[in-house]
Structure formats: structure tokens, C-alpha cells
Amino acid sequence: MLLPIAGAALISLVFSGCRGQKSTEPPIQPIQNMVEQTSYGPQSKNEFFKDGLAYRAPVSGTVAQGEERTNKPLYFGQESDSTDQNPKWVKKIPIKLNDKVLQLGQEKYNIYCATCHGPAGNSDGPVTQRSGGAIRPANIHDADKINLADGKIYDAVRNGVNNWNMPGFAAQMTVEERWAVVAYVRALQISRTAKTENVPEDVKAKNGWSNKK
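Numbering (full-length UniProt numbering), first residue to last: 1 to 213.
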């Protein structure tokens, strides 16, 4: 008779720690060592391992999820054989360009770049105007900026320039968004230098330019 009663009491005790509603009271924890475990800081000792270190280095070749950045041209704007001492910037944007990408680039440019460089890239954004010209960012239509490699412009968007006088926007923009900004900057530059023969025939026909020089 006592055995069933004791069993029922034990079951009740175990399940009393499993609540179906919120409570400020701590649950009953029959197996304490599953909750109270020894923890180590990254620089602390752990005699369990031969080297005595609590911190365990990742297995060689391990890459964190989302950080498999082996495509150097895409992620860094540099050629595959580029080095930190001798960077070789890619000359061609490594993503497929279309109207959607340019629209994305325009959107991000207007958010992060136009405040200083101006909506058309003339170095006349609100920051420049409010400073009375004391703050003068680059004019993207200057010859030296037109001659920059696409990868170098991407690097400026990603990491900033001049000791962060222009900040980098790696945290604010994805890889695709940064390249989209590069594409839009190129579109702004082309808008100043393009000739009629550079306009696609279907666009010229649509606008009645077919017979214009």
C-alpha cells in the first residue's frame, strides 16, 4: 500500500517542476548538476585539457556560418591574388546589373552618401552647405574619381576613407547594396559624359532620338 503512495508522491514532485504557466517562483530541479555547471572565462584555466586552457580553438578550417568570404572580388573588391600590401582592385562590378540594382543603389546613395556628396555627386550636400563649405567631400565627377577602379569605390563605401572622415558603411549595407551604390555612382558619372551614341537604340527610338546626333 505504501509503495503506490510513495510512487505517486514522487511523480507529483517531479511534475511539480514543470509548470504550464508563468511564475516568479523557481521551478523544482531534481537534477541540480544539469543546471549548475562549471563555466569558464575565455582566459581561464581548465586542467581537464593537456594545454590547461579553457578556451578551445576552432577546428582548423572552420568557418562561421555566414562568414565564408572566400570570394575576394565580391566581398572585398579585390582580385583573387591581391594582398594587403599590394591591393589589386577589381575593374568590373562582380554582380549582375539591372534596373532593380540601380534603383537599390540610388536608394542607399540618397540615404548614406547624398548628405555629403550631394544628390548628383557634386559635393554640395546638406552637410557641405551647413558648414559653409568648410567640409568639402569628394566630387565624384572629378577626373581622379572617374578613373578609380570599381573595387576601390566599393572599398571606400565599405571601409571609409581619410581616417574615417568619410565613414564606412559595412554595418549599414549588405554586400549587394554596396555594389549597387558603386553602380549608381557610375551611372551618375556617365550621365555627365555620355554621348548620344552611348544610348541604346530602343531608348532613343522611345524618346524620338533616332535621327538626332
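Ideal Cβ placement from N, Cα and C applies to all residues, glycine included.
Check: Below-8 Å beta-carbon distance, residue 189 vs any chain B residue; Outcome: Considering every chain present, this structure includes no chain B. It has just one protein chain.
Check: Pairwise C-alpha distance: residue 46 and residue 108; Outcome: 49 Å
Check: Cβ pair count under 8 Å reaching 3, the region 132-152 against the region 63-71; Outcome: no
Check: Sheet register partners of residue 78 (DSSP bridge); Outcome: 89
Check: Residues bridged to residue 45 [DSSP beta-bridge criterion]; Outcome: 53
Check: Coil, strand or helix - residue 127 by DSSP; Outcome: helix
Check: Separation of residue 55 from residue 138, as counted between CA atoms; Outcome: 46 Å
Check: Residue 51 to residue 89 span [Cα, whole Å]; Outcome: 43 Å
Check: Bounding residues of the alpha helix (DSSP H) (the contiguous stretch that carries residue 185); Outcome: 175-193
Check: Counterpart residues of residue 161 in DSSP-defined beta bridges; Outcome: 166
Check: Element boundaries [alpha helix (DSSP H), containing residue 105]; Outcome: 99-112
Check: Proximity winner among 79, 3, 53 and 84, relative to residue 44 (alpha-carbon distances); Outcome: 53
Check: Contacting residues, own chain, Cβ-Cβ under 7 Å from residue 154 (five flanking each side not counted); Outcome: 77, 178, 179 and 182
Check: Euclidean distance between Cα positions of residue 156 and residue 168; Outcome: 7 Å
Check: Segment contact flag, the region 128-138 with the region 101-118, C-beta cutoff 8 Å, min 3 pairs; Outcome: yes
Check: Per-residue burial, residue 158 [other beta carbons within 10 Å of its own, 16 or more giving buried]; Outcome: buried
Check: Residue range of the unbroken alpha helix (DSSP H) whose run includes residue 203; Outcome: 201-206
Check: Identity of the residue in 57, 8 and 93 nearest residue 186 by Cα; Outcome: 93
Check: Endpoints, the alpha helix (DSSP H) within which residue 84 is located; Outcome: Premise fails: residue 84 is in no alpha helix (DSSP H) and is neither H nor E.
Check: Test item: CB-CB of residue 184 and residue 97 under 8 Å; Outcome: no
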